[in-house]
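Engineer: Quick one: the structure is below, questions incoming.
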Amino acid sequence: DTGVSQDPRHKITKRGQNVTFRCDPISEHNRLYWYRQTLGQGPEFLTYFQNEAQLEKSRLLSDRFSAERPKGSFSTLEIQRTEQGDSAMYLCASSPGTWYEQYFGPGTRLTVT
Amino acid sequence: AQSVTQLDSQVPVFEEAPVELRCNYSSSVSVYLFWYVQYPNQGLQLLLKYLSGSTLVKGINGFEAEFNKSQTSFHLRKPSVHISDTAEYFCAVGHTGGFKTIFGAGTRLFVKA
């Protein structure tokens, strides 16, 4: 069990560019979550997958955001036309059958300049 | 809708002193309650959870929390803190029929020598 991994750990991009983050959950965890955490705040729910199906998206997830989980394993989160307000830590978590046992990755810190 | 209020944004305390981090929640349905810890540049780690049964919940690293339904509170306590407990602590709530976790804004615990 290597834990949840996220790549990259840090990303600096210019406004208007597209970025993509990857999350590798704990193997055999069928549930996967994405959260956004801004400075001084707790994580905010973005989206949730059960296997490959995206079952819920927060209204925080504008049309510029898209997430996928092909084959129910790793997941990607893409932000198109980044804005300075997108600067945050993006956290991924996975859980087994019991949704409340969430294991978090170290996060990807995005800075939009 | 559910919400979580962490009543203290920062709590400074001397090493070996007791500490209490306060959390109140709001929900119209039955809830699960959680405390997570986040060390610098790391993801969140589950400290403890309340699902049902005994209202006093014991977690890792000597922490415990008490669920008080009448006061809608879930305060976190430790009888004697160590320097290594310095971190951000998040209280979170989820409803028993769901899959989403709502986090508070966090309390920064700073343990002084």
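Chains B and U are the protein sequences, given in the same order. Start counting the first sequence at 29; every next residue gets the next number (our numbering). Start counting the second sequence at 934; every next residue gets the next number (our numbering). Where is the CB? At the ideal position from N, CA and C, for every residue including glycine. What you are looking at is a predicted structure, and each value in this text was computed from that prediction instead of being measured.
Using a Cβ cut-off of 8 Å (strictly closer), state whether B:G135 contacts chain U.
Structural biologist: B:G135 counts as touching chain U.
Engineer: Taking 8 Å as the cut-off, decide whether the C-beta atoms of U:T1019 and U:L984 are in contact.
Structural biologist: no
Engineer: Determine, using beta carbons only, whether B:P36 comes closer than 8 Å to chain U.
Structural biologist: no
Engineer: Taking its Cβ as the centre, do 16 or more other Cβ atoms sit within 10 Å of B:K42, making it buried, or is it exposed?
Structural biologist: B:K42 is exposed by the Cβ-count criterion.
Engineer: Under the three-state reduction of DSSP, which class applies to U:P945: helix, strand or coil?
Structural biologist: Strand at U:P945.
Engineer: Is B:G31 buried or exposed, if buried means 16 or more other CB atoms sit within 10 Å of its CB?
Structural biologist: exposed
Engineer: Going by DSSP in three states, B:D52 sits in which element: helix, strand or coil?
Structural biologist: strand
Engineer: I want to verify the contact list: residues of chain U whose CB lies under 9 Å from the CB of B:L119, in sequence order.
Structural biologist: The contacting residues are G976, L977.
Engineer: Looking at the C-beta of B:Q130, does it have a partner C-beta in chain D at a distance below 8 Å?
Structural biologist: The structure shown contains no chain D; its protein chains are B and U.
Engineer: Are the beta-carbon atoms of U:G976 and B:G135 separated by less than 8 Å?
Structural biologist: Yes, the pair counts as a contact, with Cβ atoms nearer than the cut-off.
Engineer: Using the three-state DSSP reduction, which class does U:G1027 fall into: helix, strand or coil?
Structural biologist: strand
Engineer: Which residue from U:P973, U:I1035, U:L981, U:K1002 puts its Cα closest to that of U:G995?
Structural biologist: U:L981
Engineer: Taking Cβ positions only, does U:K1045 come closer than 8 Å to chain B?
Structural biologist: no
Engineer: Could you have a look at B:S94 and say whether DSSP puts it in helix, strand or coil?
Structural biologist: strand
Engineer: Put B:S112 into one of helix, strand or coil per three-state DSSP.
Structural biologist: The amino acid occupying residue 112 of chain B in the given sequence is Gln; Ser does not appear at that position. Reduced to three states, the DSSP call for B:Q112 is helix.
Engineer: Which residues bound the beta strand (DSSP E) around U:P1006?
Structural biologist: Sequence check: residue 1006 of chain U is Ser here, not Pro. For U:S1006, the uninterrupted beta strand (DSSP E) segment begins and ends at 1006-1011.
Engineer: Taking the continuous beta strand (DSSP E) assigned at B:L89, which residues delimit it?
Structural biologist: That residue, B:L89, is in no beta strand (DSSP E); it is neither H nor E in DSSP.
Engineer: Could you please tell me which residues of the region 978-989 of chain U, in chain order, have their CB closer than 9 Å to any CB of chain B?
Structural biologist: For the region 978-989 of chain U, the residues whose beta carbon sits under 9 Å from a beta carbon of chain B are, in order, Q978, L979, K982, L984.
Engineer: Going along the chain, which residues of its own chain have a beta-carbon closer than 6 Å to the beta-carbon of B:Q130, five neighbours each way excluded?
Structural biologist: A121, S123
Engineer: Identify the continuous beta strand (DSSP E) that holds U:T938 and give its terminal residues.
Structural biologist: For U:T938, the enclosing beta strand (DSSP E) has its first and last residue at 936-939.
Engineer: Would you kindly report the start and end of the unbroken beta strand (DSSP E) that includes B:I107?
Structural biologist: 103-107
Engineer: Using C-beta distances below 6 Å, list every residue in its chain close to B:D52, excluding the 5 sequence neighbours before and after it, in chain order.
Structural biologist: S33, F102
Engineer: Please classify U:K1033: does DSSP put it in a helix, a strand, or coil?
Structural biologist: coil
Engineer: Taking U:S963 as the reference, which of U:K1045, U:K1011, U:Q935 has the closest Cα?
Structural biologist: U:Q935
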